[in-house]
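K.L.:
Which chain is which? The protein sequence lines are H and F, in order.
First residue of the first sequence? That's 20 in the working numbering, and the numbers climb one at a time after it.
First residue of the second sequence? That's 20 in the working numbering, and the numbers climb one at a time after it.
By construction, the Cβ of each residue, glycine as well, lies at the ideal position given by its N, Cα and C atoms.
In this text, all values refer to a predicted model and were calculated from it rather than measured experimentally.
The following block contains the structure, expressed as structure tokens.
There are 2 protein chains.
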Amino acid sequence: MTGSPVLFIVDASGPRRVDPRGPHLAVTDWGVTRGDGIFESISVIAGRMPALEARFARLEASARALDLAPPDRLIWTDALRMAIDAHEPVDRLAVTIVMTRGVEGGDGSPTAWLLARAARDFTRIRRSGVSVVTLDRGYASDAAEGAPWLLLGAKHLSYATNAAALREASRRGADDVIFTSTDGFALEGPTSSLIVRRSELIESPAIDAGILAGTTQATAFAFFESRGFRTRFAAIEAADLVECDAIWLVSSVRQAVAVHTLDGRGMPVDDALTADLNRWLGDEARLE
Amino acid sequence: MTGSPVLFIVDASGPRRVDPRGPHLAVTDWGVTRGDGIFESISVIAGRMPALEARFARLEASARALDLAPPDRLIWTDALRMAIDAHEPVDRLAVTIVMTRGVEGGDGSPTAWLLARAARDFTRIRRSGVSVVTLDRGYASDAAEGAPWLLLGAKHLSYATNAAALREASRRGADDVIFTSTDGFALEGPTSSLIVRRSELIESPAIDAGILAGTTQATAFAFFESRGFRTRFAAIEAADLVECDAIWLVSSVRQAVAVHTLDGRGMPVDDALTADLNRWLGDEARLE
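Structure follows, in structure tokens:
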């Protein structure tokens with residue numbers, strides 16, 4: 020039972036439910052002609068929305084980065100609630116919120132929608148883990164400093180290079196990517212945050228390296244702290260990744276996947292710890 | 020007299036004319052959710068298509084860079100001809116060809132369309148020139164080497180940073196941008212190629228610096244050669260721009276605009292030469 024996708028177009032008059040199979044966007048929407056817009060992914064677990072506050076905060080930060088009007092939390096919360104009610108009950112919904120700059124020659128109002136779908140089942144990959152290749156992202160770790168127009172750290176629609184990196188990984192027989200900076204630091208995945216373990220220390224790259232503030236990453240840190248690990252943001256040298264005691268990629272819908280192979284070399288994995296982490300991430304709705 | 024835009028959706032069954040005011044794209048099109056697609060702009064001058072061969076070649080190169088199926092030149096030429104016939108006669112049509120990766124969960128076929136519109140009148144800015152700021156593009160000039168997933172040099176839909184750079188220019192009171200590499204070279208504009216003059220030498224940045232091969236730039240070189248200038252591709256230091264005898268940004272529809280101000284400093288302009296260059300670029304249809 021997965022149910023049918025539910026789509027709401029959101030404009031000044033509020034959320035309006037439409038047929039998700041139909042076309043709804045003009046070919047002159049800046050979202051498609053320039054990838055000029057922002058998005059956010061929200062997991063709905065058993066009808067609840069974990070870390071919603073953090074996701075709204077990130078959506079607002081993305082809007083600021085792109086000089087878009089701030090999203091109205093009341094309208095979006097309303098739309099989220101309506102979408103959850105409209106969708107057939109499922110264990111987990113994957114909801115995407117998108118706001119583009121609107122239509123070329125239009126009145127300046129954004130094009131916005133919310134799409135709710137039964138989340139893909141990632142149970143298997145959460146258990147099996149992934150093989151990963153490191154790929155250069157072309158930027159130095161300080162590229163974002165003083166260059167806000169690079170939009171590093173904003174969750175925007177111009178993800179063609181992320182998609183290309185994932186195709187490159189596939190060509191190399193791998194499942195996923197860890198981006199590295201030109202000055203040798205590990206950054207993030209194309210659609211996930213990076214967490215590493217070194218003994219009892221859990222680390223993620225600092226977001227001033229021009230990466231996305233991970234909302235699932237923050238929840239994962241809370242898990243590790245509850246288990247007695249120390250957590251911190253740090254500059255993680257890409258060359259040191261192979262020395263780590265564990266590497267995870269975390270994101271809202273897929274949750275945590277252990278990296279069992281890095282650039283063709285086997286990595287240690289802790290199946291029990293990964294399972295516990297995923298239980299925590301999947302349970303977070305009940306914890307709030 | 021500008022006439023109404025003409026839109027053709029292009030799929031396996033060929034070009035199909037549709038109402039350009041209507042919605043034609045699904046919210047799950049990879050073109051909008053990931054900016055995952057390519058485009059090309061074509062000027063139609065008095066019914067003719069200058070440099071069409073070069074633009075098809077660039078579209079094909081972009082398709083290769085993004086692992087998209089090569090566009091079928093026959094179908095697109097057909098669609099171009101139909102759009103020109105369908106549009107009210109105008110001096111100049113601006114035609115955009117777009118191909119996206121298609122719809123999420125679809126059959127893998129691209130979403131493709133051709134939009135023909137009367138070109139905006141850029142006569143005034145061709146005469147008045149533009150003020151420009153240099154902005155760091157975050158990449159070193161050798162970033163493209165060995166990192167094809169960065170898609171440098173492909174004309175793709177993930178242009179949010181280009182749009183953000185133009186907004187930054189506007190905030191600084193300027194009209195346009197010249198991107199620079201982290202290692203200090205001048206690259207290109209967000210939607211244009213860069214040409215500089217040093218005495219009787221005309222230069223453009225080499226495309227192995229990860230910039231777009233300019234089709235209008237190539238036509239402009241032909242003009243300068245016809246006037247006895249030497250032309251060449253070279254590494255142009257951003258710091259040397261202020262020493263140049265002239266700077267132009269060139270693109271297919273706006274053609275050549277002289278840079279009269281660079282980062283707030285006045286630059287020499289040669290109105291007569293710029294006018295001649297624009298006459299050549301506007302005439303190119305008759306030259307082929």
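(1) Among H:Ser81, H:Pro129, H:Ser23 and H:Gly22, which one has its Cα closest to the Cα of H:Ser32?
(2) Are the Cβ atoms of H:Ala113 and H:Pro34 separated by less than 9 angstroms?
(3) Checking contacts by CB at 9 angstroms: is F:Ala88 closer than that to chain H?
(4) Return the chain-ordered ranges of every alpha helix (DSSP H) run that is complete within the segment 234 to 266 of chain H and spans a minimum of 4 residues.
(5) Determine the chain H residues that contact F:Val46 at a beta-carbon separation under 8 angstroms, and present them in chain order.
(6) Got a sec, what are the start and stop residues for the alpha helix (DSSP H) F:Thr96 sits in?
(7) What residues from the segment 175 to 199 of chain F come within 8 angstroms of chain H, judged by C-beta to C-beta, listed N to C?
(8) Give every residue of the same chain whose Cβ lies closer than 6 angstroms to the Cβ of F:Phe75, excluding the five residues on either side of it in the sequence, and list them in chain order.
(9) To which residues of the same chain is H:Asp55 closer than 8 angstroms at the C-beta, ignoring the five residues directly before and after it?
(10) Based on Cα-Cα distance, which residue from H:Ile94, H:Asp161 and H:Ala137 lies nearest to H:Ala131?
(11) Sorted by chain position, which residues of the same chain lie with C-beta nearer than 8 angstroms to H:Ala179's C-beta, five sequence neighbours on each side aside?
(12) Taking 6 angstroms as the limit between beta carbons, can you name the residues of its chain near H:Val25, skipping five residues before and five after?
(13) Suppose contacts are defined by Cβ-Cβ distances below 9 angstroms. Is F:Leu79 in contact with F:Pro90 by that definition?
(14) Need the endpoints of the beta strand (DSSP E) that H:Val51 sits in, please.
(15) If we require 4 or more residues per run, which alpha helix (DSSP H) segments fall completely within the segment 63 to 89 of chain F?
(16) With the cut-off set at 9 angstroms, would you say F:Ser223 and F:Ala253 are in Cβ contact?
(17) Hey, F:Val215 and F:Ala205: beta-carbon distance below 9 angstroms or not?
(18) Quick one: is F:Phe240 near chain H, going by C-beta distance under 9 angstroms?
(19) Residues of chain F with CB under 7 angstroms from H:Leu169, in chain order?
(20) Would you call H:Glu59 buried or exposed, if buried means 16 or more other Cβ atoms sit within 10 Å of its Cβ?
(21) Could you confirm whether any beta carbon from chain H is found closer than 9 angstroms to the beta carbon of F:Arg120?
(22) Under 8 angstroms by Cβ, that's how I've got F:Ala150 and F:Ala193 pegged, so tell me the actual separation to the nearest angstrom.
(23) Between the C-alpha atoms of F:Val261 and F:Leu44, what's the straight-line distance to the nearest angstrom?
(24) Rounded to a whole number of angstroms, what is the C-alpha to C-alpha distance between F:Gly247 and F:Arg36?
(25) On the premise that F:Thr96 lies in contact with F:Asp155, defined as a C-beta separation below 8 angstroms, what is that separation, rounded to the nearest angstrom?
(26) Which partner residues does H:Arg36 have in the DSSP bridge list?
(27) By a C-beta neighbour count over all protein chains shown, 10 Å radius and 16 as the cutoff for buried, is H:Ser270 buried or exposed?
(28) Whole angstroms is fine: what's the gap from H:Gly165's alpha carbon to F:Ile197's?
(29) Please confirm if F:Gly22 has its CB atom under 9 angstroms from at least one CB of chain H.
(30) Measure the C-alpha to C-alpha separation of H:Ala257 and F:Val122 and round it to an integer number of angstroms.
(31) Using the Cα positions of H:Leu306 and H:Leu268, report the straight-line distance between them to the nearest angstrom.
(32) Compare the C-alpha of H:Arg298 against each of H:Gln274, H:Asp259 and H:Leu281 and name the closest.
(33) Along chain H, in chain order, which residues have C-beta atoms closer than 9 angstroms to that of F:Arg35?
(34) Is H:Gly157 helix, strand or coil by DSSP?
(35) When you compare only the Cα positions, how much space is there between H:Gly172 and F:Ile266?
P.N.:
Walking through what the data contain:
(1) H:Pro129
(2) no
(3) no
(4) If we require 4 residues or more, the alpha helix (DSSP H) runs fully inside the segment 234 to 266 of chain H come out as 234 to 245.
(5) Leu26, Pro39, His43, Leu44, Val117, Trp132 and Leu134
(6) Arg92 to Ala105
(7) Taking 8 angstroms as the Cβ-Cβ cut-off against chain H, the residues of the segment 175 to 199 of chain F that qualify are His175, Leu176, Ser177, Tyr178, Ala179, Thr180, Asn181, Ala182, Ala183, Ala184, Arg186 and Glu187.
(8) Non-local beta-carbon contacts of F:Phe75 in its own chain, meaning distances under 6 angstroms to residues more than five positions away in sequence, involve Arg92 in chain order.
(9) Only Trp49, Leu85, Thr119, Arg120, His175, Leu176 and Ser177 meet the Cβ criterion.
(10) H:Ile94
(11) Gly54
(12) Ala102, Ala105, His106 and Ala135
(13) The sequence shown places Glu at residue 79 of chain F, rather than the Leu named in the question. Closer than 9 angstroms, so yes.
(14) It is not in any beta strand (DSSP E) - H:Val51 instead sits in the alpha helix (DSSP H) that spans Trp49 to Thr52.
(15) Complete alpha helix (DSSP H) runs here, min 4: 71 to 84.
(16) Contact: yes.
(17) Judged by beta-carbon spacing, F:Ala205 lies within the 9 angstroms limit of F:Val215, meaning their Cβ atoms are closer than that value.
(18) no
(19) Residues of chain F with a Cβ closer than 7 angstroms to the Cβ of H:Leu169 are, in chain order, Gly157 and Thr180.
(20) buried
(21) yes
(22) According to the sequence as given, residue 150 of chain F is Ser; it is not Ala. The Cβ separation is near 5 angstroms, so the contact holds.
(23) 45 angstroms
(24) 46 angstroms
(25) Not a contact, Cβ separation roughly 40 angstroms.
(26) H:Phe27
(27) buried
(28) 16 angstroms
(29) no
(30) Rounded to whole angstroms, the separation of the alpha carbons of F:Val122 and H:Ala257 is 35 angstroms.
(31) Only weak support is given to the placement of H:Leu306: the predicted model assigns it a pLDDT of 49, under 50, and the value that follows is read from those uncertain coordinates. Cα to Cα, H:Leu306 sits roughly 22 angstroms from H:Leu268.
(32) H:Gln274
(33) F:Arg35 does not reach chain H, its nearest Cβ partner there being about 13 angstroms away, counting only Cβ pairs nearer than 9 angstroms.
(34) coil
(35) 33 angstroms
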